[in-house]
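A.B. asks: In terms of our numbering, the sequence shown opens at residue 109 and continues consecutively.
Attaching a single structure in structure tokens format; questions to follow.
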Amino acid sequence: MAKSDAIAALMDSATTVFARSGYEGASLRDIAADANLPLSTINAYFGGKADLFVAVMQSIWREIEAERRALLAERQAARGGAAADLRDIVTALTKPLVNRARSADPLMRRAPRLLRQWVNAPAEVREAMRRQSFSNPSLRIWIDSVRAASPGLTPAQAVWGFSFIVGALYSYELMDSRYDDIVDLGHDDPETIAQYLVNFAVAGMRGIGGGVPEASLDNRP
Numbered sequence: 109m110a111k112s113d114a115i116a117a118l119m120d121s122a123t124t125v126f127a128r129s130g131y132e133g134a135s136l137r138d139i140a141a142d143a144n145l146p147l148s149t150i151n152a153y154f155g156g157k158a159d160l161f162v163a164v165m166q167s168i169w170r171e172i173e174a175e176r177r178a179l180l181a182e183r184q185a186a187r188g189g190a191a192a193d194l195r196d197i198v199t200a201l202t203k204p205l206v207n208r209a210r211s212a213d214p215l216m217r218r219a220p221r222l223l224r225q226w227v228n229a230p231a232e233v234r235e236a237m238r239r240q241s242f243s244n245p246s247l248r249i250w251i252d253s254v255r256a257a258s259p260g261l262t263p264a265q266a267v268w269g270f271s272f273i274v275g276a277l278y279s280y281e282l283m284d285s286r287y288d289d290i291v292d293l294g295h296d297d298p299e300t301i302a303q304y305l306v307n308f309a310v311a312g313m314r315g316i317g318g319g320v321p322e323a324s325l326d327n328r329p
């Protein structure tokens, strides 16, 4: 198998195994076996478990970030090129993950489950991040964009509000349908759920500054 094909196969297998078993529970032997490759290829192409995990995360971030940027540009174009408002920004930030988390395709659902593991990544993963010079500069850009679209908020309010949005994005119900056995939620499609989240986030950003304009709770897609 060509090197590029082997790397692609290992990345795909690793995405599935890490999403299913978590970083700690994932076995390199299982990843290699699912890719139909010898275990030694992981060490040869990635260096170890932590490095493979970081490589998978980088790939996911690039894919989702590109989709977010494209969605934001699309919404700005629909507004005649005007600056993005808060709803545009939150929609672009959240919708790609909502679509994946609530997809009927199990392969699509892998990415958000992996990204949620990032919060509790062990020290060896953080060391691999340092070795690979992994960073997420877009994070600061999104926070600054949210703040710019929320005039009147202090830097602290903007950061806390952004943090609450991210928390909602990785919530139990969105990721795991945790509350379905408590209340019958029906079968809301990803588009509807994304709108719920955007309305919640926009109202929250307004509210954290002391008020919630009625106009922020509209039904724009």
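We put the CB at the ideal spot given by N, CA and C, even for glycine.
Everything numeric in this text was worked out from a predicted model, so none of it was measured.
Cutting at 6 angstroms between CB atoms, please list the residues of its own chain near K157, excluding the five before and the five after it.
C.D. replies: Working through the sequence shown from its first residue, we reach residue 157 at position 49. Contacts found: L136.
A.B. asks: Check whether the stretch 246 to 266 touches the stretch 278 to 285, counting contact only when three or more Cβ pairs, one atom from each stretch, lie closer than 8 angstroms.
C.D. replies: no
A.B. asks: Tell me which same chain residues have a C-beta within less than 7 angstroms of the C-beta of L147, skipping the five on either side of it?
C.D. replies: Within the sequence shown, residue 147 is the residue found at index 39, counting from 1. Excluding positions up to five away in sequence, the list reads L136, R137 and A140.
A.B. asks: Rounded to the nearest angstrom, how far is the Cβ of A309 from that of T202, given a contact under 8 angstroms?
C.D. replies: The sequence position of residue 309 within the sequence shown is 201, counting from 1. The sequence position of residue 202 within the sequence shown is 94, counting from 1. A309 to T202, Cβ: 7 angstroms. Contact.
A.B. asks: Using 8 angstroms as the Cβ pair cut-off and three pairs as the minimum, do the stretch 212 to 231 and the stretch 190 to 201 touch?
C.D. replies: Short answer: they don't touch.
A.B. asks: Where does A219 fall in DSSP's three states?
C.D. replies: As a working note, residue 219 is residue 111 in the sequence shown. Three-state DSSP puts A219 in a helix.
A.B. asks: Could you round the C-beta distance between R218 and T124 to whole angstroms and report it? I think they count as a contact, below 8 angstroms.
C.D. replies: As a first step, residue 218 must be located in the sequence shown, where it is residue number 110. As a first step, residue 124 must be located in the sequence shown, where it is residue number 16. 6 angstroms between Cβ atoms; contact.
A.B. asks: Measure the C-alpha to C-alpha separation of V155 and L247 and round it to an integer number of angstroms.
C.D. replies: Translated into positions along the sequence shown, residue 155 becomes position 47. Translated into positions along the sequence shown, residue 247 becomes position 139. Residue identity check: residue 155 is Gly in the sequence provided, not Val. Each residue's alpha carbon lies about 27 angstroms from the other.
A.B. asks: Go ahead and label G318 buried or exposed: buried means 16 or more other beta carbons lie within 10 angstroms of its beta carbon, across all protein chains shown.
C.D. replies: Counting from 1 along the sequence shown, the entry for residue 318 is found at position 210. G318 comes out exposed.
A.B. asks: Excluding the 5 residues preceding and the 5 following V162 in the sequence, name in chain order all residues of the same chain whose CB lies nearer than 6 angstroms to its CB.
C.D. replies: If you number the sequence shown from 1, residue 162 lands on position 54. So the qualifying residues of the chain are A236, M237, Q240 and F242.
A.B. asks: What's the call for M165, buried or exposed, on a 16-neighbour Cβ count within 10 Å?
C.D. replies: Locating residue 165 in the sequence shown gives position 57, where the first residue counts as 1. M165 should be labelled buried.
A.B. asks: Scan the stretch 152 to 218 and note each continuous alpha helix (DSSP H) run of 4 residues or more that stays entirely inside, going in chain order.
C.D. replies: 157 to 186 and 194 to 209
A.B. asks: Rounded to whole angstroms, what is the Cα-Cα separation between N207 and E175?
C.D. replies: For the purposes of this step, residue 207 is identified with residue 99 of the sequence shown, where counting begins at 1. For the purposes of this step, residue 175 is identified with residue 67 of the sequence shown, where counting begins at 1. C-alpha separation (whole angstroms): 11 angstroms.
A.B. asks: I think S121 touches A152, with their Cβ atoms under 8 angstroms apart; what is that distance to the nearest whole Å?
C.D. replies: Counting from 1 along the sequence shown, the entry for residue 121 is found at position 13. Counting from 1 along the sequence shown, the entry for residue 152 is found at position 44. Incorrect: roughly 15 angstroms between the Cβ atoms, too far for contact.
A.B. asks: I want to know whether the stretch 179 to 186 touches the stretch 258 to 266 - three or more CB-CB distances under 8 angstroms.
C.D. replies: no
A.B. asks: For L223, which of L205, Q265 and I115 has the nearest alpha-carbon?
C.D. replies: Counting from one through the sequence shown, the residue named residue 223 turns up at place 115. Measuring from the Cα of L223, the nearest candidate turns out to be L205.
A.B. asks: Could you check which residue in V306, W268 and L145 has the C-alpha nearest to that of A116?
C.D. replies: Here residue 116 refers to the residue found at position 8 of the sequence shown. Nearest C-alpha to A116: L145.
A.B. asks: So for D289, helix, strand or coil by DSSP?
C.D. replies: The residue you call residue 289 lines up with position 181 of the sequence shown. It is coil, neither helix nor strand.
A.B. asks: Taking the CB atoms as reference points, tell me whether R234 and A127 lie closer together than 7 angstroms.
C.D. replies: Taking the sequence shown and counting its residues from 1, one reaches residue 234 at position 126. Taking the sequence shown and counting its residues from 1, one reaches residue 127 at position 19. Their beta carbons are not under 7 angstroms apart, which means R234 does not touch A127 by this criterion.
A.B. asks: From which residue to which residue does the alpha helix (DSSP H) around M313 run?
C.D. replies: As a position in the sequence shown, residue 313 is number 205, starting the count at 1. Start and end: P298 to I316.
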